[in-house]
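Just so you know, we're using the numbering used here here: the sequence shown kicks off at 180 and counts up by one.
Yeah, the Cβ is synthetic: ideal placement off N, Cα and C, and Gly gets one too.
Structure record follows, encoded as structure tokens.
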Amino acid sequence: MKKHLTTILFLGAIWGLLEATLGYVLHFLPALISGSILFPIATLVMLRTYQVTNSKKSVFGVAVTASLIKSVNLLMPNLSVWKVINPMISILVEALLVVAVLGVLSSNKVLPKIIALPLVSITWRAIFLGALAIQYTTGAMAVASPLIASTSSIVDFAIVSGLLSGAIATLIYFAHTLWIQKTKVFFATNRYAAISTFVLAVATTIAVNFI
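Structure below.
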């Protein structure tokens with residue numbers, strides 16, 4: 180993984196930058212739409228990482244980088260700790276699950292490829308809801324998240340949004356695969372671009388708190 184550190188830093192920063200910018204914009208959209216967009220985009224970043232590095236560790240390294248960028252919000256006094264930690268948990272869980280199905284996505288079997296990302300989307304959401312429930316029942320969170328306030332909200336988040344998000348991610352996966360096959364685009368970055376993008380991602384993550 181060491182030889183891919185520049186790529187990991189760059190693509191992790193891209194992911195962190197997208198989390199900050201799109202995450203802010205998506206708050207103004209209906210919940211079903213906003214909750215279905217970030218996972219497919221994160222999946223694209225992870226697929227690109229794997230295509231460039233052929234390393235599952237690098238894919239998770241990109242997620243760790245994006246999560247670390249998100250963690251700068253812990254310095255913001257007006258933000259709840261859990262509003263920062265929970266998205267970080269989501270990023271890492273998403274990455275672990277995507278890494279787990281990379282073998283399936285690399286196979287020649289079409290049906291498992293179609294099923295894989297919707298299954299990942301539903302699973303990470305179920306794990307996330309479990310984490311929210313633990314935080315509430317243990318008293319770590321004083322008020323229950325709206326996502327676990329009712330059966331309907333749980334179903335909407337885990338199943339409805341999960342299937343929609345997974346379907347979008349699957350379409351992106353096939354489009355990305357076709358694009359790579361057709362274009363043979365060469366990916367290249369350098370430490371200066373990686374560091375600059377990382378700094379921009381951190382600055383943007385902080386800045387959106389003041390908008």
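Item                                                                                                                    : Value
Closest Cα partner of Ile327 within the set Ala310, Ala319, Val339, Thr317                                              : Ala310
Distance between Leu298 and Glu273 (C-alpha atoms, nearest Å)                                                           : 11 Å
Which of helix, strand or coil DSSP assigns to Ser324                                                                   : coil
Contact test: Gln314 Cβ vs the ligand FMN heavy atom, cutoff 7 Å                                                        : Among the components of this structure there are no ligands whatsoever, and the ligand FMN is therefore not found.
For Ala386, the nearest candidate out of Val322, Thr186, Glu198, Lys181 (CA to CA)                                      : Glu198
Under the three-state DSSP convention, the category Ser300 falls into                                                   : helix
Neighbourhood of Met320 by C-beta distance below 8 Å, restricted to the same chain and skipping five residues each side : Trp261, Leu311, Gln314
Ile212, buried or exposed, once every other Cβ within 10 Å from all chains shown has been counted against 16            : exposed
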